[in-house]
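A.B. asks: Residues 136 to 407 (this note's numbering) are what the sequence shown spells out, left to right. Each residue gets a CB set at the ideal place from its N, CA and C atoms; glycine is no exception. Values in this document were obtained by computation on a predicted structure and should not be read as measured data.
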Amino acid sequence: GDRTKWRRNLQCINPQVSLLERFQAVRIAMTIPSPLTLGLTTGAFVAVQVLLGKTKARWSRAGSLAWLTNNAYSLANIIFLFFSVQSLGKAGVFGMLSKGLLNRPLPVGENGEVELTLKIYYYSKIWEFIDLVLVSLMGVPIHIHFRVHHTTTATLAWAMWQHRTVSGALFSIANVIMHIFLYAYFGGMRHKAIFWVVRIWGHVQLIVGVAMCMASILVKAQQLPHGSLVTDDDSIVVGEGVPLLLCCTYFILFRMEIADSEAAAQQKRKRS
Numbered sequence: 136g137d138r139t140k141w142r143r144n145l146q147c148i149n150p151q152v153s154l155l156e157r158f159q160a161v162r163i164a165m166t167i168p169s170p171l172t173l174g175l176t177t178g179a180f181v182a183v184q185v186l187l188g189k190t191k192a193r194w195s196r197a198g199s200l201a202w203l204t205n206n207a208y209s210l211a212n213i214i215f216l217f218f219s220v221q222s223l224g225k226a227g228v229f230g231m232l233s234k235g236l237l238n239r240p241l242p243v244g245e246n247g248e249v250e251l252t253l254k255i256y257y258y259s260k261i262w263e264f265i266d267l268v269l270v271s272l273m274g275v276p277i278h279i280h281f282r283v284h285h286t287t288t289a290t291l292a293w294a295m296w297q298h299r300t301v302s303g304a305l306f307s308i309a310n311v312i313m314h315i316f317l318y319a320y321f322g323g324m325r326h327k328a329i330f331w332v333v334r335i336w337g338h339v340q341l342i343v344g345v346a347m348c349m350a351s352i353l354v355k356a357q358q359l360p361h362g363s364l365v366t367d368d369d370s371i372v373v374g375e376g377v378p379l380l381l382c383c384t385y386f387i388l389f390r391m392e393i394a395d396s397e398a399a400a401q402q403k404r405k406r407s
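1. In whole angstroms, what is the alpha-carbon distance linking GLY136 and SER222?
2. Could you give the distance in angstroms between the alpha-carbon of ARG162 and the alpha-carbon of GLY188?
3. Along the chain, where does the alpha helix (DSSP H) containing HIS326 start, and where does it finish?
4. CB-CB under 7 Å to ALA197, same chain, minus the five flanking residues each way: which ones, in chain order?
5. Measure the beta-carbon distance from ARG299 to LEU341 and round it to whole angstroms, keeping in mind my assumption that it falls under 8 Å.
6. Can you say whether PRO378 is buried or exposed, counting buried as having 16 or more other CB atoms within 10 angstroms of its CB?
7. How is GLU250 classed by DSSP in three states: helix, strand or coil?
8. Got a sec? Which residues, its chain only, sit under 6 Å from LEU216 by beta carbon, not counting five neighbours each side?
9. If I follow the unbroken alpha helix (DSSP H) through ILE214, where does it start and stop?
10. Just the C-alpha distance for TRP194 and GLN184, rounded to the nearest angstrom, thanks.
11. For PHE330, is the classification buried or exposed, using 16 other Cβ atoms within 10 angstroms of its Cβ as the cut-off for buried?
12. Mapping the DSSP letters down to three states, classify HIS338 as helix, strand or coil.
13. Alpha carbon to alpha carbon, how far is SER302 from MET347? Give it in angstroms, no decimals.
14. Classify ASN310 as helix, strand or coil using the three-state DSSP reduction.
15. What whole-angstrom Cβ distance do GLN253 and MET295 have, given they're in contact under 8 Å?
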């Protein structure tokens with residue numbers, strides 16, 4: 136199945152991979168949620184969103200709970216940022232990046248710290264599902280960017296974990312930095328400086344994601360055996376292609392949200 140294909144792709148692109156690394160790849164593949172599990176989890180939250188939209192359910196304490204969880208999530212991301220940078224750096228991931236080794240899967244780490252980093256990053260996306268539910272219960276209008284991003288971000292993290300991409304590791308760090316400031320802003324720190332950090336870094340992280348995925352696709356395509364197609368390699372199609380598509384989508388929707396926000400602010404000024 137998928138695990139056998141994962142190992143076969145690893146061997147095709149990197150014939151020099153050691154037996155230990157191959158064993159670790161198979162063991163890790165067995166701990167990652169299946170596509171079915173991901174689909175059912177995402178589908179369940181979509182169903183909840185549809186139900187909330189149909190019933191227009193509201194909860195008076197949703198705002199207070201959102202304030203608390205937003206601040207907690209911002210603080211948790213600060214801790215996770217230090218942990219992930221240390222873990223990835225210790226495992227030599229940044230060295231791989233500097234050498235352009237974008238075609239190799241991430242190492243597990245001496246004590247499995249890289250695996251733990253990817254796992255935490257994936258499961259942290261469950262919070263974004265919950266965040267969407269809380270905002271719905273608050274009765275706040277939800278922009279399509281917010282809804283699409285929060286619904287699909289677990290898929291993005293899953294694809295990066297499934298194929299352990301260098302591009303995914305770099306994007307995850309940029310994304311964690313974004314969440315530190317974004318959720319601090321949502322949690323009440325409405326300073327103009329934080330607003331502009333969120334606005335600028337929101338663009339930066341997505342540009343990083345798009346650029347890294349495109350670079351990785353080019354490197355991996357060049358390493359494919361003669362006669363193979365890009366679509367034959369799941370690490371390209373799923374590991375790089377899915378994040379590339381989602382990052383491009385997020386960028387377009389982010390720009391739409393900014394434009395809509397500026398248009399609304401302009402209309403408000405005209406009325407006043």
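C.D. replies: Walking through what the data contain:
1. Start at 1 with the first residue of the sequence shown, and residue 136 comes out as number 1. Start at 1 with the first residue of the sequence shown, and residue 222 comes out as number 87. Reliability fails at GLY136, whose pLDDT of 48 lies under 50, so the model's placement of it is uncertain and no value is given.
2. Taking the sequence shown and counting its residues from 1, the one referred to as residue 162 is at position 27. Taking the sequence shown and counting its residues from 1, the one referred to as residue 188 is at position 53. Bear in mind that a pLDDT of 49 at ARG162, under 50, signals an unreliable position, so the model cannot answer this.
3. As a position in the sequence shown, residue 326 is number 191, starting the count at 1. Note, HIS326: premise wrong, no alpha helix (DSSP H); not H, not E.
4. Here residue 197 refers to the residue found at position 62 of the sequence shown. The beta carbon of ALA197 lies closer than 7 Å to those of LEU269, LEU272, MET273 in the same chain, with the five residues before and after it left out.
5. Position 164 of the sequence shown, counted from the start, is the residue given in the question as residue 299. Position 206 of the sequence shown, counted from the start, is the residue given in the question as residue 341. 21 Å between Cβ atoms; not a contact.
6. Here residue 378 corresponds to residue number 243 of the sequence shown, with the count starting at 1. So PRO378 ends up on the buried side.
7. The residue labelled residue 250 in the question sits at position 115 within the sequence shown. Annotated three-state conformation of GLU250 is helix, per DSSP.
8. As a first step, residue 216 must be located in the sequence shown, where it is residue number 81. The beta carbon of LEU216 is closer than 6 Å to those of VAL311 in its chain, skipping five residues each way along the sequence.
9. Taking the sequence shown and counting its residues from 1, one reaches residue 214 at position 79. It spans 197-225 - the alpha helix (DSSP H) in which ILE214 sits, taken as one unbroken run.
10. If you number the sequence shown from 1, residue 194 lands on position 59. If you number the sequence shown from 1, residue 184 lands on position 49. Their backbone Cα atoms lie some 14 Å apart in a straight line.
11. Along the sequence shown, one-based indexing puts residue 330 at 195. The residue in question, PHE330, is exposed, as its Cβ has fewer than 16 Cβ neighbours within 10 Å.
12. Position 203 of the sequence shown, counted from the start, is the residue given in the question as residue 338. Reduced to three states, the DSSP call for HIS338 is helix.
13. Translated into positions along the sequence shown, residue 347 becomes position 212. Translated into positions along the sequence shown, residue 302 becomes position 167. Across the structure, MET347 and SER302 are spaced so that their CA atoms are roughly 5 Å apart.
14. Within the sequence shown, residue 310 is the residue found at index 175, counting from 1. For ASN310, the secondary structure class from DSSP, reduced to helix, strand or coil, is helix.
15. Locating residue 253 in the sequence shown gives position 118, counting from the first residue. Locating residue 295 in the sequence shown gives position 160, counting from the first residue. Residue 253 is actually Leu in this sequence, not Gln. Going by Cβ atoms, the distance from LEU253 to MET295 rounds to 7 Å, so yes, they are a contact pair.
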